[in-house]
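Take a look at the structure below.
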Amino acid sequence: MINFTVGPVMSSDAVRAIGAEQVPYFRTAEFSAVMIENEKYLLEYAKAPRGSRAVFMTCSSTGSMEAVVMNCFSREDKVLVINGGSFGHRFVELCDIHEIPCVVIELEHGKKLTKEKLYEYDNKAFTGLLVNVDETSTAVLYDTMMLGEFCKKNNMFYVCDCVSSFLADPYNMAACGADVMITGSQKVLACPPGISIIVLAPKALERVQNSKIRTMYFDLNNALKNQERGQTPFTPAVGILLQINERLKEIEHNGGADAEVARVAAQAADFREKISGLPFEFVSESPANGVTAVHPTTANAYDIFLTLKDEYGIWICPNGGDMKDTIFRVGHMGALTHEDNTTLINALKDMQKRGLL
Ligand SMILES: *Cc1c(COP(=O)(O)O)cnc(C)c1O
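Using numbering that gives the first Met the number 0, you'd call the opening residue of the sequence shown number 0 and step up by one each time.
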């Protein structure tokens, strides 16, 4: 099986080997040391500003998106949400559920957010901005520096969902002025799903501290207090946290965050070059590195996904909702090689020969 989905993705052998071991007890100095090290790596790779902290949540990244909305905003806020697909829509739903006043910038699937469009919302008393840096459903990458400048000018609290863009696209939390960055274990971190991570810059730590929300599991103050000693309030996904530690060291060994971004970018470029000549169009105006969204012009996208899975042992990523029949995605994250790209392209060419494309 070759997995080109957008998560879970293929893990390295070293990460997989940890998954085969017994899971240790975690209220120990040894596990605390791993957690402190994980936090150090996360802050370094996110290029977080001085005084930032990171917490590891045992939940999928949507849980961390929800925790951030709950802990960092209140009914007194007025939040701007960029909605270019399924993940943008998720932030809108979260604001609605938690009664955070919000205004939504709706973008057509695949379209980038221009400066012109963004500045229609300038000087409108917004207090925060929520963005999925790579809108993974359509592979659109937003400009984090442009958004940061806008937030600074308008004194807005700036939340970046980098779940699929962290370590795939260039990102500098300090330089773009983001207050929060969210990511998860099953995208470029290439570990099993189950852990998501929230990086909080000093302004975010202050917001969390002053928050009056009522929640037990999503109380970020409690998570932060525990992480000071390398612990979590409740039993975390211990095994995955050990795998994340291995993976973070692997990235360091391979040259660090920038080298991983370059590796994912090269994997994406190789695929996009090889796919030309097939009856496909690219969906995204501003493509992210982690994934390519493809519109097949002669066949049904979901049928292509099924045929590749059932007849070739290759997993690409189907889209959901109204994009199901028109768009599929090919991921470039995790332990994939250029040779794997060739295997996928050969399968697609074979399908074309069989009259399936
Ligand atoms: C994958 C992803 C998420 C989180 O999805 P979960 O299923 O909750 O892990 C959130 N945002 C983006 C941009 C993603 O790509």
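Beta carbons are placed, not taken as given, at the ideal position from N, Cα and C, and that holds for glycine.
Residue i CB to nearest heavy atom of ligand 1 below 8 Å
i    : result
Q242 : no
E92  : no
P192 : yes
V162 : yes
K186 : yes
S195 : yes
S59  : yes
F72  : no
V68  : no
T231 : no
V329 : no
N318 : no
I20  : Per the sequence shown, the amino acid found at residue 20 is Glu instead of Ile. No.
M64  : yes
F217 : no
F86  : yes
D133 : yes
V54  : no
R262 : no
V198 : no
Residue nearest to residue i in terms of C-alpha spacing, selected from the options
i    : options                   : result
M9   : P191, G18 and S275        : P191
R328 : S136, I196 and D257       : S136
W314 : D321, Y120 and T306       : T306
Q266 : A200, I99 and A334        : A334
R15  : L128, D324, M64 and R246  : R246
I196 : V5, M0, I17 and Y44       : Y44
V237 : V198, Y311 and C58        : C58
R74  : F86, I96 and G87          : I96
T214 : A264, T341, L41 and G62   : G62
D160 : N154, N153 and D168       : D168
S85  : V263, D321, D339 and M332 : D321
K152 : C175, A261, V102 and G330 : C175
G336 : A222, M144 and A264       : Residue identity check: residue 336 is Thr in the sequence provided, not Gly. The candidate whose alpha carbon is nearest that of T336 is A264.
N340 : S60, V158, K211 and D269  : D269
F3   : V260, G312 and I250       : G312
H294 : R271, K308, K77 and L93   : R271
M158 : I212, V80 and I303        : Here the sequence assigns Val to residue 158, which means Met is not the residue at that position. When each option's Cα is compared against that of V158, the closest is V80.
A124 : N154, K116, L140 and Y141 : N154
R206 : K248, G127, S164 and A256 : G127
Y216 : G354, P201 and M69        : M69
A258 : D302, L199, E115 and L166 : L166
Per-residue burial, residue i [other beta carbons within 10 Å of its own, 16 or more giving buried]
i    : result
A32  : exposed
F233 : exposed
V22  : exposed
Q226 : buried
K46  : buried
R228 : exposed
T231 : buried
H252 : exposed
E38  : buried
D133 : buried
G109 : buried
E65  : buried
Y40  : buried
E107 : exposed
V102 : exposed
Integer Cβ distance of residue i from residue j, believed to fall under 8 Å
i    : j    : result
L146 : V162 : Contact doesn't hold; Cβ gap of about 16 Å is too wide.
F55  : L240 : 6 Å
N299 : D324 : 5 Å
P7   : Q242 : Incorrect: roughly 12 Å between the Cβ atoms, too far for contact.
T291 : A189 : That belief does not hold up - the Cβ atoms of T291 and A189 are roughly 18 Å apart, past 8 Å.
S275 : K111 : So it is not a contact: roughly 22 Å between Cβ atoms.
E105 : N82  : 5 Å
T297 : P278 : 4 Å
A13  : E280 : Incorrect: roughly 38 Å between the Cβ atoms, too far for contact.
M34  : V187 : Actually they are not in contact, since the Cβ atoms of M34 and V187 sit about 20 Å apart, beyond 8 Å.
- Query: So does the segment 334–353 actually touch the segment 20–37, counting three or more Cβ pairs closer than 8 Å?
  - Reply: Segment contact: the segment 334–353 against the segment 20–37, fewer than three CB-CB distances shorter than 8 Å; contact not assigned.
- Task: Inspect the CB distances between the segment 43–57 and the segment 172–184 and report whether three or more fall short of 8 Å.
- Result: When C-beta atoms of the segment 43–57 are compared with those of the segment 172–184, three or more pairs fall below 8 Å, so the two segments count as touching.
- Quick one: any contact between the segment 59–74 and the segment 93–113, if contact means 3 or more CB pairs under 8 Å? A contact is defined here as three or more CB-CB pairs under 8 Å, and the segment 59–74 meets this definition with respect to the segment 93–113.
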